[in-house]
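Take a look at the structure set out below.
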Amino acid sequence: MMINENEVKYDVSKILPSVHAEKPSALRLRKPVIDLKRCDKTYRCVVYCPENAIKTGKDGFPSISYDKCDGCLICLRECPTTAIAEGQE
Ligand code: SF4
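Going by the numbering used here, the first residue of the sequence shown is number 1, and it counts up by one from there.
What follows is the structure, encoded as structure tokens:
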């Protein structure tokens with residue numbers, strides 16, 4: 001099937017990266033959820049988060065900024081106590 005160049009209104013490959021760069025959370029389909037009862041404060045999630053979305057709160061527990069989080073779930077995989085679970089948006 002031939003695509004008529006005039007019928008293509010949006011080039012998604014050009015739009016998505018710019019949306020992601022401005023706000024990573026805009027494309028998130030899933031999000032990490034921390035169960036603080038299981039957290040041993042190893043801070044691996046803080047160290048490994050590529051978006052710098054996890055900070056340590058005053059109580060010493062990690063806290064996720066969902067404005068920055070892109071849902072990659074690296075934090076979930078790195079947590080040794082499985083304190084981070086996958087949640088839906
Ligand atoms: S899902 Fe990815 S971006 Fe979001 S807090 Fe975890 S490591 Fe950071």
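Glycine residues also receive a C-beta, built at the ideal position from the N, C-alpha and C atoms.
Check the DSSP bridge columns for T56 and list the partner residues they point to.
P62
With 16 other CB atoms within 10 Å as the buried threshold, where does A53 fall?
buried
Which term fits D70, buried or exposed, when burial requires 16 or more other beta carbons within 10 angstroms of its beta carbon?
buried
What whole-angstrom Cβ distance do C79 and R28 have, given they're in contact under 8 Å?
Not really, about 18 Å apart at Cβ, beyond 8 Å.
Based on Cα-Cα distance, which residue from R38, Q88, P24, G87 lies nearest to C49?
The option with the nearest alpha carbon to C49 is P24.
Ordered along the chain, which non-local residues of its own chain (more than five positions away) have a Cβ less than 7 Å from that of I74?
Y48, C49, P50
Taking the alpha-carbon positions, what's the A85 to K55 distance?
When rounded, the separation of the alpha-carbon atoms in A85 and K55 is 17 Å.
With respect to 7 Å, is the separation between the Cβ of G71 and the closest non-hydrogen atom of the ligand SF4 below this value?
yes
R44 lies in the alpha helix (DSSP H); which residues open and close that run?
It spans 44-48 - the alpha helix (DSSP H) in which R44 sits, taken as one unbroken run.
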